[in-house]
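Asker: One structure, pasted below without further comment.
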Amino acid sequence: MTEKSNLSCNELHLEIGNKILCDSLSLQIGPGETWAVLGLNGAGKTTLLHTLAGIRPPDAGQVLLNETDLTQLSRHDIAKQLGLLLQTHQDPFPGKVIEHVLIGRHPYLKALEWESESDYQIAKDALSTVGLIGFENRDIQSLSGGEYQRMLIAMVLVQQPSIYLLDEPVNHLDWQHQHQILSTLVSMTEQQTCSLVMALHDVNLAARYCSHTMMMFDDGQVKSGHTSDMLNTETLEDLYHTPIMQIDSEQGQIFTPA
Amino acid sequence: MTNEQGHKPIHAARQKAYLYLLLLLLITLASFIVALTSGSLSLSFSEVITAISSDANPLHHQVVYELRVPRMIHAFTTGALLAMAGALMQVLLRNPLADPYILGISGGSAVFALIAIALGLVGWTVSLSAFFGALLAMFLVFGLARGQGSWTATRLLLTGVVLASGWGAIISFVLTIAPQGKLRSLIFWLMGDLSFAENIWPALITLALGILICLYFARSLNVLSLGAMQAQSLGLHINRFRWQLYVVASLLTAMAIIQAGNIGFIGLIIPHLLRLMGLRDYRLLIPGAVLAGGSLLVFADTVARSAIEDTALPVGILTAAIGVPIFIFLLYRGVKSV
């Protein structure tokens, strides 16, 4: 199965236009860890994920996969270890759900090789994880927003990376699927010692599912640590510039705008 | 068919696709028979077979061997080259309406071939010039249509159409000032015509190479059609791959231009029809494009040269007659659902 991988960044500097998103950011994402990335719109969550996935070069500093700079690795090798769920998609060419999901096996196939039975089984398992069994032969364009999002998650699962970088994975998802998919992802992360990094807008999902939390403030500061230390009304008010209150429940703390 | 759940569907789908490819192969063979038997001298199938195997009837032998076989091969290779070029450009520009003719790639290629010929160049230097013209035309469409933001269908098409009419004007200009008799007809360069083709080998070799390269790229084409970022995260070296596609698509277009002039719409019609048939996977779409594009042009050319007595129509008129309604239909139906 997937080997244990370590993703880290070293003195990472990112900016867009003249806005500094983060400055000399160093952090390490270890096997078995689940990270939430929180921040306002435009704080740089997506840019950070893209940089960690190696599809956008850092403005300074490095991203290291198992102590090797991403720029030293081939895209093909990176693709076997880092899976990225994008937030925005363009899709002018139609197709069936199963065809689409199977494209996620690309890094494992040789140039002229076709997907095998086992690739197909992996794709079916992924569809079952996201609750899309029976959708194999549906046309992509007939899917609802949430179904489409789940298909994209299935495609990342099929890629079998050891590090998942998910940009707003619960976009368009109803509560049932938010919790089903996140809890599956988290238990998979723990069992297979993969790592999970998710940009989220729901603080309570971070509180419930993530071992670590990173906050990207709009002045370019980044704070990170264990979720239990990070999440409190004070830091959240700083982060979101909004009064926030905390409700204690049996499930733990629940945060909501006051 | 069994109703067994699980392992069968993917193979069932692929088998259906193979069946379609077999059907296209049969259609291709049928187009060959039609092309060899019909024309101003109508021959039966057995007469064609006799003419191929012996020269007992010198007239039949000459008509089939020296006229119809080469012309059929020219038509087939041109159609196949254009259909593949269209399929590649559609991925490259992420737009199912992309086609070498509509976007002016053929026009640019024709202008450079024409200038080379007008300057007295011959042989492979003309082909090289046509190739350079195709590269330049594609570069212009890419650059101008992109502008500040990303490509939209409208912007891409407008840019392509405007550039294509620009190239058309240059073609007319060169033909007006160039010495008479030195150049092929205006129709050849503007609409396409298979009456001038000579040596069959350059196009055959280019086609063979093109098929090999495209089949090698085929799964990567599937990946790239998901969009650049997604493709990168699935392990595609995006810049290198785009350049390779860009060069290959230009080469295929240039070869078609040199051989048959500026034939339109094949690159648009064929991939679209194949997608409608369910051949969306480029590993199936590429061989399908070769067979369907080739046979369509063989049929069209046969009709063009035998429809009106004593008059050989340029085949480009026919492809336009088929292509224009389909293009308008696609545009109205909305690019998204192609």
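From first to last, the protein sequence lines are chains A and B.
For the first sequence, position 83 (counting from the first letter as 1) is numbered 279 according to our numbering, and the numbering increases by one without interruption.
For the second sequence, position 23 (counting from the first letter as 1) is numbered 11 according to our numbering, and the numbering increases by one without interruption.
No residue lacks a Cβ here, since even glycine has one placed at the ideal position from N, Cα and C.
#1: For the alpha helix (DSSP H) that B/Met265 lies in, which residues bound it at each end?
#2: Counting contacts by CB-CB distance shorter than 9 Å, is B/Ile226 in contact with chain A?
#3: Pick out the complete alpha helix (DSSP H) segments inside the region 186 to 220 of chain B, 4 residues or longer, and give them in chain order.
#4: Is the CB-CB distance between B/Gly121 and B/Ala98 below 9 Å?
#5: Taking 9 Å as the CB-CB limit, is B/Arg134 close to chain A?
#6: Give the interface partners of A/Gln355 over in chain B, defined as CB-CB distance under 8 Å, in chain order.
#7: Quick check: B/Ala0 and B/Ser183, are their CB atoms within less than 9 Å of each other?
#8: Under a CB-based cut-off of 9 Å, is A/Ser201 close to chain B?
#9: Pull up the CB-CB distance for A/Glu207 and A/Ala256, whole angstroms please, since I reckon it's below 8 Å.
#10: Within the same chain, show all residues whose beta-carbon is closer than 7 Å to that of B/Leu212, passing over the 5 residues directly before and after it, in chain order.
#11: Alpha carbons only, please: which of B/Leu239, B/Arg172, B/Met179 and B/Trp231 is nearest the one belonging to B/Ile193?
#12: Less than 8 Å between the CB atoms is what I'm expecting for A/Gln374 and A/Val382, so what's the real figure, rounded?
#13: Work out the CA separation of A/Asp321 and A/Glu211 for me, nearest whole Å.
#14: When the distance is taken between beta carbons, is A/Cys205 closer than 9 Å to A/Val259?
#15: Tell me the residue span of the beta strand (DSSP E) that contains A/Ala232.
#16: What number of angstroms, rounded off, separates the C-alpha of B/Leu31 from the C-alpha of B/Ile296?
#17: May I ask you to verify whether the region 12 to 30 of chain B touches the region 277 to 287 of chain B, counting CB pairs closer than 8 Å and requiring at least 3?
#18: Show which residues of chain B have a CB atom less than 7 Å away from the CB atom of A/His368.
#19: Which of the three DSSP states is assigned to A/Asp434 in this structure?
#20: So which residues of chain B does A/Arg271 contact, with C-beta pairs closer than 7 Å?
#21: Just checking, does the region 240 to 258 of chain B make contact with the region 299 to 318 of chain B on the three C-beta pairs under 8 Å criterion?
#22: Indicate whether at least one CB of chain A lies closer than 9 Å to the CB of B/Gly276.
#23: Assign A/Leu261 to one of three DSSP states: helix, strand, or coil.
#24: Could you compute how far the alpha carbon of B/Ile90 sits from the alpha carbon of B/Leu102?
#25: Buried or exposed: B/Tyr320, going by 16 or more other Cβ atoms within 10 Å of its Cβ?
#26: Is A/Ile294 helix, strand or coil by DSSP?
#27: Out of B/Arg172, B/Ile188, B/Val149 and B/Arg134, state which residue places its alpha-carbon closest to the alpha-carbon of B/Ile93.
#28: Quick one: Cα of B/Thr38 to Cα of B/Ala242, how far?
#29: Exposed or buried, which one is B/Val110 when buried takes at least 16 other CB atoms within 10 Å?
#30: Please report whether the beta-carbon of A/Lys215 lies at a distance below 9 Å from any beta-carbon of chain B.
#31: Return the residue from the list A/Leu378, A/Pro357, A/Asn214 and A/Val418 that minimises the CA-CA distance to A/Leu203.
#32: Name the chain A residues whose beta carbon is nearer than 7 Å to that of B/Leu9?
#33: When DSSP labels each residue in this structure, what does A/Phe451 get in the three-state scheme?
#34: Any residues in the region 248 to 274 of chain B with a beta carbon nearer than 8 Å to a beta carbon of chain A? Which ones, in chain order?
#35: Can you name, in chain order, every residue of its own chain whose Cβ lies under 7 Å from the Cβ of A/Thr385, other than the five neighbours on each side?
#36: Going by DSSP, what residue range makes up the alpha helix (DSSP H) through B/Gln232?
Answerer: In short:
#1: Residue mapping note: residue 265 of chain B aligns to position 277 of the second sequence, counting from 1. Counting along the chain, B/Met265 falls outside any alpha helix (DSSP H), and DSSP gives it neither H nor E.
#2: The residue given as residue 226 of chain B occupies position 238 in the second sequence. Yes, B/Ile226 counts as interfacial toward chain A.
#3: 189 to 212
#4: Along the second sequence, one-based indexing puts residue 121 of chain B at 133. Along the second sequence, one-based indexing puts residue 98 of chain B at 110. In this structure, B/Gly121 places its C-beta atom within 9 Å of the C-beta atom of B/Ala98.
#5: As a first step, residue 134 of chain B must be located in the second sequence, where it is residue number 146. Taking Cβ atoms only, chain A never reaches closer than 9 Å to B/Arg134, which makes this a no.
#6: Sequence index remark: in the first sequence, residue 355 of chain A carries index 159 (1-based). Simply Leu222.
#7: One-based indexing of the second sequence puts residue 0 of chain B at position 12. One-based indexing of the second sequence puts residue 183 of chain B at position 195. Their beta carbons are not under 9 Å apart, which means B/Ala0 does not touch B/Ser183 by this criterion.
#8: Against the first sequence, residue 201 of chain A aligns to sequence position 5. So no, A/Ser201 is outside the interface.
#9: Counting from 1 along the first sequence, the entry for residue 207 of chain A is found at position 11. Counting from 1 along the first sequence, the entry for residue 256 of chain A is found at position 60. Between A/Ala256 and A/Glu207 the Cβ distance is about 7 Å, and since that is below 8 Å, they are a contact.
#10: Position 224 of the second sequence, counting from 1, holds the residue named residue 212 of chain B. Val79, Ala219, Leu224 and Phe229.
#11: Here residue 193 of chain B refers to the residue found at position 205 of the second sequence. Minimum Cα distance to B/Ile193 is reached at B/Leu239.
#12: Reading the first sequence from its first residue, position 178 is the one you call residue 374 of chain A. Reading the first sequence from its first residue, position 186 is the one you call residue 382 of chain A. That pair is no contact at about 12 Å.
#13: Here residue 211 of chain A is taken as the residue at index 15 of the first sequence, counted from 1. Here residue 321 of chain A is taken as the residue at index 125 of the first sequence, counted from 1. Their Cα atoms are separated by approximately 39 Å.
#14: Along the first sequence, one-based indexing puts residue 259 of chain A at 63. Along the first sequence, one-based indexing puts residue 205 of chain A at 9. Yes, Cβ-Cβ distance for A/Val259 and A/Cys205 is below 9 Å.
#15: The count along the first sequence starts at 1 and reaches residue 232 of chain A at position 36. First-last of the beta strand (DSSP E) with A/Ala232: Thr230 to Gly235.
#16: Position 43 of the second sequence holds residue 31 of chain B. Position 308 of the second sequence holds residue 296 of chain B. Cα-Cα distance, rounded: 18 Å.
#17: Contact holds: three or more Cβ-Cβ distances are below 8 Å.
#18: Residue mapping note: residue 368 of chain A aligns to position 172 of the first sequence, counting from 1. Result: empty, since nearest Cβ-Cβ is about 17 Å, beyond 7 Å.
#19: For the purposes of this step, residue 434 of chain A is taken as residue 238 along the first sequence, with counting starting at 1. In this structure, A/Asp434 counts as helix in the three-state DSSP scheme.
#20: Along the first sequence, read from residue 1 onward, the residue named residue 271 of chain A stands at position 75. Neighbours of A/Arg271 on chain B, chain order: Gln220, Gly223, Leu224 and His225.
#21: yes
#22: Residue numbering aside, residue 276 of chain B sits at position 288 when the second sequence is read from its first letter. It does not; no Cβ of chain A falls within 9 Å.
#23: Start at 1 with the first residue of the first sequence, and residue 261 of chain A comes out as number 65. Here A/Leu261 sits in strand by DSSP.
#24: Walking along the second sequence from the start, residue 90 of chain B turns up at place 102. Walking along the second sequence from the start, residue 102 of chain B turns up at place 114. C-alpha separation (whole angstroms): 19 Å.
#25: The count along the second sequence starts at 1 and reaches residue 320 of chain B at position 332. Looking at its Cβ environment, which holds fewer than 16 other Cβ atoms inside 10 Å, B/Tyr320 is exposed.
#26: Here residue 294 of chain A is taken as the residue at index 98 of the first sequence, counted from 1. Three-state DSSP puts A/Ile294 in a helix.
#27: Position 105 of the second sequence, counted from the start, is the residue given in the question as residue 93 of chain B. Closest option to B/Ile93, Cα to Cα, is B/Val149.
#28: The sequence position of residue 38 of chain B within the second sequence is 50, counting from 1. The sequence position of residue 242 of chain B within the second sequence is 254, counting from 1. Rounded to whole angstroms, B/Thr38 to B/Ala242 spans 36 Å at the Cα level.
#29: Here residue 110 of chain B refers to the residue found at position 122 when the second sequence is read from its first residue. It counts as exposed.
#30: Numbered from 1 along the first sequence, position 19 holds the residue referred to as residue 215 of chain A. No, A/Lys215 lies away from the interface with chain B (no Cβ there is under 9 Å from its Cβ).
#31: Taking the first sequence and counting its residues from 1, one reaches residue 203 of chain A at position 7. Nearest of A/Leu378, A/Pro357, A/Asn214 and A/Val418 to A/Leu203, Cα basis: A/Pro357.
#32: Stepping through the second sequence from its first residue, residue 9 of chain B is reached at position 21. Within chain A, no residue comes near B/Leu9; the closest Cβ sits about 14 Å away, beyond 7 Å.
#33: For the purposes of this step, residue 451 of chain A is taken as residue 255 along the first sequence, with counting starting at 1. Of the three classes helix, strand and coil, the one that applies to A/Phe451 here is strand, per DSSP.
#34: Arg263, Arg268, Asp269 and Arg271
#35: As a position in the first sequence, residue 385 of chain A is number 189, starting the count at 1. Excluding sequence neighbours, A/Thr385 sits near Gly228, Thr230, Ser391 and Leu392.
#36: Locating residue 232 of chain B in the second sequence gives position 244, counting from the first residue. Ile226 to Ala248 is the extent of the alpha helix (DSSP H) around B/Gln232.
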